[in-house]
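Residue numbers (this note's numbering): 316 to 716. We put the beta carbon where it would ideally sit given N, CA and C, even for glycine.
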């Protein structure tokens, strides 16, 4: 089974701003809280805060550090439902924003007022939800269910149908939204999020062309442009353009220094559990094929350098470790999920790409290496035959990175 984490990068929202700027959230809550009065908020930058609902209201004041998706959830959902679905408020300027919610209906049903961007983002989410309902209704009509276990013989067909329906229903919705709101930061944010994974290069280029000059200059506008470039640069058969990334010692590592070798480029992150689980087997691969003709290069997409350095020390992987400080993941390889690995030939051409980690069988990467080097690598030891195998679902990272 494959283990991987989608990286829908909202950490890219970080921008410089005056430390004195504030964002204030004033909440109005109806419904019986049953004594569960805490409201929690967090961001992609790991900024956290807690407020107490008192007499049906709460207030949270935070410094404005740049555009951010501020996520909220509440104690009531956790205590009564055992889980929560966060509610996101997209902010691109300081100010006061008003949240209205019925605690009994779930905090994700909150409504926001007080700013054009958060209100438009809410409208976009409503349209997106309606589009996904169309997709699910079509799947349910054809298969009887929206999801099927991997072991079901219809699971693969259902997955292909879902991809096809999303491209047919959701992509036109997003392109229509961007056309209507070409001057809004929400458009760039939407494309960097779900849209880019569904769109063809042609659709991405047409959508990007609709952005206003101001939107193209935002961090997420730039990410869209970088991603388009990355998709083109990372096609099978393409030659990798030289790049640099910083080492733990603070020096720039030059990819060109590996020319003449087969190279596995491994994109990962310290917060990515599947990535960390893959490393014992990656070390087996490295020891099996390490030679003058083979090398490995890890590139972390971490935004927190300290967290990366800590993880590097903990894992102690014996191959080259670097941190992406030059947008290589975007511009060079269009990375949207980790772990993602590429196999590069001695001339610098991409010969294989693999997203995820095969925990209980040899994946395409191992099989290709065995073919090239005539050596056999053991199956990953992370899953013993007697252990229960459980699928690790894809985790969207927009609230975590």
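- Shown here for residue 336: same chain residues with a beta carbon closer than 6 Å to its own, the five before and five after excluded, namely 379 and 409 in chain order.
- Remark: fewer than three beta-carbon pairs, one from each stretch, lie closer than 8 Å, so the segment 412 to 428 and the segment 479 to 496 are not flagged as touching.
- Closest option to residue 592, judged by alpha-carbon separation, among 403, 673 and 602: 673.
- If you ignore the 5 residues before and after residue 630, its C-beta comes within less than 8 Å of the C-beta of 591 and 594, all in its own chain and listed in chain order.
- For residue 684, the CB contacts under 6 Å within the same chain, skipping 5 residues up- and downstream, are 604 in chain order.
- For residue 533 against residue 509, the beta-carbon gap comes to about 18 Å, at or over 8 Å, which does not count as contact.
- For the pair residue 488 and residue 446, the CB atoms are nearer than the 7 Å cut-off.
- Selection 507, 607 and 653 evaluated against residue 573 yields 607 as nearest (Cα-Cα).
- Per the C-alpha coordinates, the member of 555, 623, 580 and 526 positioned closest to residue 565 is 623.
- With a minimum length of 3 residues, the unbroken runs of beta strand (DSSP E) contained wholly in the segment 367 to 409 fall at 372 to 378, 383 to 389 and 402 to 406.
- Secondary structure at residue 669: strand, using DSSP grouped into helix, strand and coil.
- Closest by C-alpha distance to residue 644, out of 559, 662 and 609, is 559.
- At a Cβ-Cβ threshold of 7 Å, residue 613 and residue 638 do not count as neighbours.
- Measuring C-alpha to C-alpha distances from residue 671 to each of 680, 661 and 655 identifies 655 as the nearest.
- Contact annotation: residue 339 and residue 411 have beta-carbon atoms nearer than 7 Å.
- Less than 7 Å divides the Cβ of residue 400 from the Cβ of residue 423.
- In this structure residue 507 does not touch residue 477 by the C-beta definition: roughly 21 Å separates them, more than the 8 Å allowed.
- Judged by beta-carbon spacing, residue 576 lies within the 7 Å limit of residue 610, meaning their Cβ atoms are closer than that value.
- Residue pairing from DSSP places residue 636 in a beta bridge opposite 613.
- By the neighbour-count definition (other C-beta atoms within 10 Å, threshold 16), residue 649 is a buried residue.
- Taking the C-beta atoms as reference points, residue 516 is found no nearer than 7 Å to residue 561.
- DSSP places residue 623 within a helical segment (H, G or I) once states are collapsed to three.
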